[in-house]
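Q: Chains R and F, in that order, give the protein sequences.
Taking the UniProt record's numbering, the leading residue of the first sequence gets 1, the next gets one more, and so forth.
Taking the UniProt record's numbering, the leading residue of the second sequence gets 1, the next gets one more, and so forth.
Virtual Cβ for every residue (Gly too), placed ideally from N, Cα, C.
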Amino acid sequence: MAENVYILGITMTKFGKHPDKDTVDLGAEAALGALRDGGVTMHDMGILAAGNLMNASSGFGQQLQKQIGQTGIPVYNVANACATGATALRTVIMAVKSGEVDMGLAVGVEKLAGAGLLGGGGRAKSDAKVWEPSGRFGAVTPTDGRIGTDAMPGTFAQVGMEYGHKYGEVSFETFAKISEKNHAHSTLNPLAAYSKRFTLEEIMNDMMIAYPNTRPMCSANCDGAAAAVVVSESKLRTLSLEQQRRAIKVSASVLTTDPYEEACQILPNVNTLTRNAAKIAYEQAGVGPDDLDLVELHDCFATAELVHYDNLMLCPEGGAVDFFESGAPWRDGSTPVNVSGGLQSKGHPISATGIANIWEICHHLRGEAGDRQIEGAKVGLAHVIGLGSACGVHILEKSAV
Amino acid sequence: MTDTAASAQVPLVNYLVLGDRPHLVANQCTNCGARFFDRRNACASCSGTSFEKVDIATEGEVRSFTIVTLAAPGVPVPFVAAVIDCGGTSVRANIINTPPDPDHVKLGMRVRLATYSLGTDDQGTEAIGFGFEPA
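In structure tokens:
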């Protein structure tokens with residue numbers, strides 16, 4: 001019988017610029033914060049899963065142990081694109097669920113302030129002197145910009161435009177309004193990298209990056225870390241009433257990759273793996289989209305948020321624009337989405353994102369979200385997509401104690 | 001050497017076939033029909049290991065696009081990146097020979113394959129690229 005699992009402690013650092021802290025400092029701040037939040041120490045942990053994409057081969061988990069506690073426990077250094085944080089958390093959840101350990105720590109951290117455009121490799125200053133085929137496509141020169149785009153803004157722009165082609169054209173203004181919502185939400189989040197409200201006109205008239213995504217419609221590169229302590233139900237019952245009261249039940253923990261479909265190697269299909277993950281998660285948790293009091297979904301670009309309303313089944317198939325226009329995903333709507341401000345304003349320190357969105361949900365379920373509290377929140381869903389692709393979906397529930 | 005250097009051409013990628021009627025070719029899985037433009041170890045759909053070359057239709061429909069105005073250093077902007085549905089096979093390509101703006105590039109637009117020169121290297125070989133232009 002698999003164990004039920006809970007989040008015992010969880011924290012995120014302020015997202016933004018941390019020039020005085022290196023990757024290990026930021027990770028340590030989050031890890032120690034999560035342990036403190038859960039009322040436990042490194043000596044209680046049976047496993048550590050650590051995510052850091054920019055230095056994925058550096059043994060970040062072991063570097064972290066050397067700053068906060070070398071207890072000899074197994075470390076899993078994980079890298080799974082933008083789903084790295086969720087993958088670290090899921091690794092610990094699997095270990096606890098299996099009964100191998102009764103407590104574990106997941107950490108995700110990234111230093112990305114000023115990183116600029118991600119995904120596009122760019123070209124050497126001038127083309128090669130001799131055209132010589134190389135690589136899997138036998139290309140004689142880099143193809144980014146000649147055969148489509150490798151960079152993220154244009155990739156996700158096409159994801160949104162494709163939705164429009166399939167279900168009826170989506171206007172530039174509609175995509176911009178999604179960004180307007182998230183920036184408005186961010187004004188209530190003191191940990192967001194940017195918490196400035198923009199008017200629709202400001203968003204639409206800002207610098208175009210990849211039509212229809214302007215600069216404020218793109219996720220913000222920044223520094224940040226998040227960490228969570230996972231505990232088994234049987235261990236939790238031996239802890240204090242206060243720890244039990246604040247613990248958040250992990251009702252579903254799912255990780256998927258993209259199954260083969262026509263075109264999926266032409267433009268990454270971020271839809272099917274999200275829909276698959278959501279279906280499994282709703283089944284595991286025994287809840288439906290209507291039961292969700294809030295959702296944190298992967299709005300790496302405004303064009304991405306739209307398609308995930310549909311993929312997470314927050315609306316009927318093809319109904320994402322109507323869902324948005326109804327006001328449902330605003331914080332006072334029927335299914336508040338990205339009340340943290342989302343990746344567009346809270347920021348997107350890649351490996352931290354998949355734990356920070358869980359922290360946001362837990363914060364509301366514990367009733368500790370202050371000015372941006374969604375009153376009476378009992379069930380929430382957190383979603384991330386890593387291109388390539390990997391999708392993490394977690395459903396969390398307020399403790400019954 | 002009797003050949004003139006100027007006659008030597010090389011395609012941008014090996015799935016572009018030059019000549020009188022330039023077109024793209026794919027590796028088609030002989031078991032399930034899935035099509036791929038790169039060399040294959042096995043089929044992503046059925047894991048089959050047998051493939052045959054198939055010609056891809058040179059006309060199609062724009063299924064998605066973006067107009068890239070900020071790109072990595074060295075990549076000229078603006079350009080239109082798109083997904084073209086060529087008779088049921090999706091192709092990644094730029095839309096060319098039309099202004100890169102939403103008034104001229106539309107979802108569902110009919111387009112056809114077109115080639116262009118990428119320049120000549122030090123050995124006199126000309127590289128030929130491809131895109132899709134309004135049909």
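#1: How many Å lie between residue 402(R) and Asn-205(R) at the Cα?
#2: Rank Thr-87(R), Ile-68(R), Thr-335(R), Cys-82(R) by C-alpha distance to the C-alpha of Tyr-76(R) and give the top, closest one.
#3: Ends of the alpha helix (DSSP H) at Leu-35(R)?
#4: Would you call Asp-371(R) buried or exposed, if buried means 16 or more other Cβ atoms sit within 10 Å of its Cβ?
#5: Between the beta-carbon of Ala-192(R) and the beta-carbon of Leu-26(R), is there less than 8 Å?
#6: For the region 219-239 of chain R and the region 96-104 of chain R, state whether three or more C-beta atom pairs, one from each stretch, are separated by less than 8 Å.
#7: Can you tell which of Glu-296(R), Ala-28(R), Leu-239(R) has its C-alpha closest to the C-alpha of Gly-65(R)?
#8: Give a yes or no on whether 8 Å exceeds the smallest Cβ distance from Tyr-260(R) to chain F.
#9: The beta strand (DSSP E) with Val-250(R) in it runs from where to where?
#10: Restricting to runs no shorter than 3 residues, where is the beta strand (DSSP E) found entirely within the region 51-108 of chain F?
#11: Flag Pro-76(F) as yes if its beta-carbon sits less than 8 Å from any beta-carbon of chain R, otherwise no.
#12: Count the CB pairs spanning the region 79-89 of chain F and the region 59-69 of chain F that are closer than 8 Å, and state whether there are at least three.
#13: Of all Cβ atoms in chain F, is any one closer than 8 Å to the Cβ of Ala-151(R)?
#14: Tell whether a beta-carbon distance below 8 Å holds between Val-54(F) and Ala-93(F).
#15: Measure the beta-carbon distance from Leu-53(R) to Thr-11(R) and round it to whole angstroms, keeping in mind my assumption that it falls under 8 Å.
#16: Would residue 422(R) and Val-109(R) qualify as a contact pair, given that the criterion is a beta-carbon distance under 8 Å?
#17: With 16 as the cutoff for other CB atoms within 10 Å, does Glu-296(R) come out buried or exposed?
#18: Could you check what DSSP says for Val-130(R) in three-state terms: helix, strand or coil?
#19: Check the Cβ of Asp-144(R) against every Cβ in chain F and list those closer than 8 Å, keeping chain order.
#20: Okay, do the region 66-75 of chain R and the region 40-52 of chain R touch, 3+ Cβ pairs below 8 Å being the bar?
#21: Since Thr-89(F) and Glu-133(F) should fall inside the 8 Å C-beta cutoff, what is the C-beta to C-beta distance between them, to a whole number of angstroms?
#22: Please classify Cys-29(F): is it buried, with 16 or more other beta-carbons within 10 angstroms of its beta-carbon, or exposed?
#23: Using a Cβ-Cβ distance under 8 Å, would Leu-107(F) count as near chain R?
#24: Is Val-107(R) helix, strand or coil when you go by DSSP?
#25: Using beta-carbon positions only, say whether Gly-124(F) and Ala-8(F) come within less than 8 Å of one another.
#26: For Ala-5(F), count neighbouring Cβ atoms within 10 angstroms of its own Cβ and tell me buried if that reaches 16, exposed if not.
#27: Quick check on the burial criterion: 16 or more other C-beta atoms within 10 angstroms. Buried or exposed for Ser-134(R)?
#28: Leaving out the 5 sequence neighbours to the left and right, which residues in its chain are closer than 6 Å to Cys-315(R) when beta-carbon positions are compared?
#29: Could you check whether the region 245-253 of chain R touches the region 385-398 of chain R, counting it as contact only if at least three pairs of C-beta atoms, one from each stretch, sit closer than 8 Å?
#30: Using a Cβ cut-off of 7 Å, pull out every chain R residue sitting near Gly-129(F), in sequence order please.
#31: Could you pull out every residue in the same chain whose Cβ sits closer than 7 Å to the Cβ of Ala-369(R), ignoring the five residues on either side in sequence?
#32: For Ala-139(R), collect the residues of the same chain with a Cβ closer than 7 Å to its Cβ; drop the 5 residues on either side in sequence, then sort them by chain order.
#33: Quick one: residues in its chain with C-beta nearer than 7 Å to the C-beta of Phe-36(F), no 5 flanking neighbours on either side, listed in chain order?
#34: Could you name the residues that DSSP lists as bridge partners for Ile-395(R)?
#35: Step through the CB atoms of chain F and report whether any lies within less than 8 Å of the CB of Val-130(R).
#36: What is the DSSP secondary structure of Ala-369(R), counted as helix, strand or coil?
A: The relevant details are as follows:
#1: The structure shown does not extend to residue 402(R), since chain R is modelled only from 1 through 401, so no value can be given for it.
#2: Walking along the first sequence from the start, residue 76(R) turns up at place 76. Cα-wise, what sits closest to Tyr-76(R) is Thr-87(R).
#3: Here residue 35(R) is taken as the residue at index 35 of the first sequence, counted from 1. First-last of the alpha helix (DSSP H) with Leu-35(R): 23-38.
#4: As a first step, residue 371(R) is located in the first sequence; it is residue number 371 there, counting from the start. Exposed is the call here.
#5: On the first sequence, position 192 is the one that residue 192(R) refers to. On the first sequence, position 26 is the one that residue 26(R) refers to. Their beta carbons are not under 8 Å apart, which means Ala-192(R) does not touch Leu-26(R) by this criterion.
#6: yes
#7: As a first step, residue 65(R) must be located in the first sequence, where it is residue number 65. The sequence as given places Gln at residue 65(R); Gly does not occur at that position. Of the listed residues, the one whose Cα sits closest to Gln-65(R) is Ala-28(R).
#8: Reading the first sequence from its first residue, position 260 is the one you call residue 260(R). Yes, Tyr-260(R) lies at the interface with chain F (some Cβ there is under 8 Å from its Cβ).
#9: On the first sequence, residue 250(R) is found 250 positions in, with the first residue counted as 1. From DSSP, the beta strand (DSSP E) with Val-250(R) extends over 248-257.
#10: 51-55, 59-68, 79-86, 89-95
#11: For the purposes of this step, residue 76(F) is taken as residue 76 along the second sequence, with counting starting at 1. Yes - at least one Cβ of chain R is within 8 Å of the one on Pro-76(F).
#12: yes
#13: Here residue 151(R) refers to the residue found at position 151 when the first sequence is read from its first residue. Closer than 8 Å: yes.
#14: Start at 1 with the first residue of the second sequence, and residue 54(F) comes out as number 54. Start at 1 with the first residue of the second sequence, and residue 93(F) comes out as number 93. No, the pair does not count as a contact, with Cβ atoms beyond the cut-off.
#15: Working through the first sequence from its first residue, we reach residue 53(R) at position 53. Working through the first sequence from its first residue, we reach residue 11(R) at position 11. Incorrect: roughly 20 Å between the Cβ atoms, too far for contact.
#16: What is shown of chain R runs 1 to 401, which leaves residue 422(R) out entirely.
#17: Looking up residue 296(R) in the first sequence gives position 296. The residue is buried, with at least 16 neighbouring Cβ atoms inside 10 Å.
#18: Here the question's residue 130(R) lines up with position 130 in the first sequence. Coil.
#19: The sequence position of residue 144(R) within the first sequence is 144, counting from 1. Here the neighbours are Ala-71, Ala-72, Val-75.
#20: yes
#21: Within the second sequence, residue 89(F) is the residue found at index 89, counting from 1. Within the second sequence, residue 133(F) is the residue found at index 133, counting from 1. No, Thr-89(F) and Glu-133(F) are not in contact; Cβ-Cβ is about 19 Å, not under 8 Å.
#22: Mapped onto the second sequence, residue 29(F) falls at position 29. Looking at its Cβ environment, which holds 16 or more other Cβ atoms inside 10 Å, Cys-29(F) is buried.
#23: Position 107 of the second sequence, counting from 1, holds the residue named residue 107(F). Yes, contact with chain R.
#24: By 1-based counting over the first sequence, the position of residue 107(R) is 107. Of the three classes helix, strand and coil, the one that applies to Val-107(R) here is strand, per DSSP.
#25: Your numbering for residue 124(F) matches position 124 in the second sequence. Your numbering for residue 8(F) matches position 8 in the second sequence. In this structure, Ala-8(F) lies closer than 8 Å to Gly-124(F) by Cβ.
#26: The count along the second sequence starts at 1 and reaches residue 5(F) at position 5. With a pLDDT of 46 at Ala-5(F), under the threshold of 50, the modelled position of this residue cannot be trusted, and the question is left open.
#27: Residue 134(R) sits at position 134 when you count from the first residue of the first sequence. Exposed, by the Cβ-count rule.
#28: Locating residue 315(R) in the first sequence gives position 315, where the first residue counts as 1. These residues qualify, in order along the chain: Tyr-309, Phe-323.
#29: yes
#30: In the second sequence, counting from the first residue as 1, residue 129(F) sits at position 129. The answer, in chain order, is Arg-146.
#31: Counted from its first residue, the first sequence places residue 369(R) at position 369. The answer, listed in chain order, is His-363.
#32: Residue mapping note: residue 139(R) aligns to position 139 of the first sequence, counting from 1. Within the same chain, Ala-139(R) has close Cβ partners Pro-133.
#33: Taking the first residue of the second sequence as 1, we reach residue 36(F) at position 36. Only Ala-26, Asn-27 meet the Cβ criterion.
#34: As a first step, residue 395(R) must be located in the first sequence, where it is residue number 395. DSSP output for Ile-395(R) lists Ala-252(R), Leu-381(R) as bridge partner(s).
#35: In the first sequence, residue 130(R) corresponds to position 130, counting from 1. Chain F, which has a Cβ nearer than 8 Å to the Cβ of Val-130(R), makes this yes.
#36: What you label residue 369(R) is simply residue 369 of the first sequence in a count that begins at 1. Ala-369(R) falls in the coil class under three-state DSSP.
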